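First the structure, in the form of C-alpha cells, and then the observations on it.
In my numbering, the protein residues as written are -17 to 214.
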C-alpha cells in the first residue's frame, strides 16, 4: 500500500461479479409471480445497484402495494430457485488477494441484501479478505452515503483515505455524497458516458487494471479529472 488511499470499497454486482443475467432473470420472474408486465432487460439493468425495495419501486412505480410481494419473490428466486450462473469477473479474485497482500483495508458496499451477499462471499471464498461489508437492507440504499460512512467508521479510515470502486452511477453518486473519491469500471451495468458525468478519478475497462492504476495514481490527491483523461 502506498499513497493516498488506505481503504478500497467495492460494489459487488457488476464490479466484482458478473451477476447481471441472474438479477434480470430473478426480477422478471418476480414480476410474473406478481401478475405484472415483465420489465425488459434494459429496464432491469438500469436499477441494478439500488437496494431491492428501491429497485422494485423504481421499476413498478404504479404498483407500490405490490412492492413487498415483489421483494419476497425476487429473494425466493435469487436465493433458492434460479440457477442462472454468476461468476467473478476474470481476474477479480487475483486482484483482491494482491491488494490484501499490499496492506489495503477492503470493504464491500452493495445494493444486495445481507443473505445474498453472505451467500456469494461464501461461494467465492472471498469473505475473509474484507474488513467490513454493508448491504442495502442494513442501512439506506445508494446513493445515500450512509453505507460508506458506516464502513469508514468500522475500519477507522477517513473519507480522504477512501476510494469507492463501482460500475453504476449509484456507486459514484454515493461516493460524491460521502465526499469520497471514486473509480468507475466500464464493463458493468451503466455506460461509461453515464459514469463520467460523476467525475470519477478514472474508468477501468478491466478489474485486472486496478492494481496498476493504484500504483500509478493512488498517491495523487485529486477531486476529479477531465473526461478525456479518464480511460487508462
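Beta carbons: idealized from backbone N, C-alpha and C, even for Gly. Since this is a predicted model, take the numbers as computed values, not measurements.
Buried versus exposed call for residue i [16 or more other C-beta atoms within 10 Å across all chains shown]
i, result
"residue 206", "Note that residue 206 has pLDDT 35, beneath the 50 cutoff, so the model's placement of it is unreliable and no number is given."
"residue 187", "exposed"
"residue 194", "exposed"
"residue 27", "buried"
"residue 170", "buried"
"residue 152", "buried"
"residue 125", "buried"
"residue 158", "buried"
"residue 182", "buried"
"residue 33", "buried"
"residue 85", "exposed"
"residue 56", "buried"
"residue 76", "exposed"
"residue 65", "exposed"
"residue 44", "exposed"
"residue 23", "exposed"
"residue 61", "exposed"
"residue 67", "exposed"
"residue 69", "exposed"
"residue 36", "buried"
"residue 127", "buried"
"residue 116", "buried"
"residue 63", "exposed"
"residue 184", "buried"
"residue 148", "buried"
"residue 107", "exposed"
Per DSSP, the bridge partner or partners of residue i
i, result
"residue 30", "32"
"residue -5", "-1"
"residue 168", "Its beta-bridge partners do not exist; DSSP assigns none."
"residue -10", "88, 145"
"residue 70", "-1"
Expected contact under 8 Å - CB spacing of residue i and residue j to nearest Å
i, j, result
"residue 189", "residue 73", "6 Å"
"residue 145", "residue 20", "Wrong, their Cβ atoms sit about 37 Å apart, outside the cutoff."
"residue 233", "residue 112", "Residue 233 cannot be examined here, being either before or after the span of the chain that is shown, -17 to 214."
"residue 143", "residue 41", "That pair is no contact at about 36 Å."
"residue -7", "residue 150", "7 Å"
"residue 156", "residue 129", "7 Å"
"residue 114", "residue 102", "Between residue 102 and residue 114 the Cβ distance is about 16 Å, and since that is not below 8 Å, they are no contact."
"residue 141", "residue 154", "About 15 Å separates the two Cβ atoms, so there is no contact after all."
Checklist entry - What are the uninterrupted segments assigned as beta strand (DSSP E) that are 3 or more residues long and contained completely in the stretch 88 to 162, given in chain order? => result Segments of the beta strand (DSSP E) lying fully in the stretch 88 to 162: 114 to 117, 144 to 148.
Item to check | the stretch 90 to 101 contacting the stretch -6 to 8, beta-carbon criterion three pairs below 8 Å | outcome: The stretch 90 to 101 and the stretch -6 to 8 touch, with no fewer than 3 CB-CB distances between them shorter than 8 Å.
Checklist entry - Given 8 Å as the limit, is there contact between the stretch 41 to 54 and the stretch 12 to 19, that is, 3 or more CB pairs closer than that? => result The stretch 41 to 54 vs the stretch 12 to 19: in contact.
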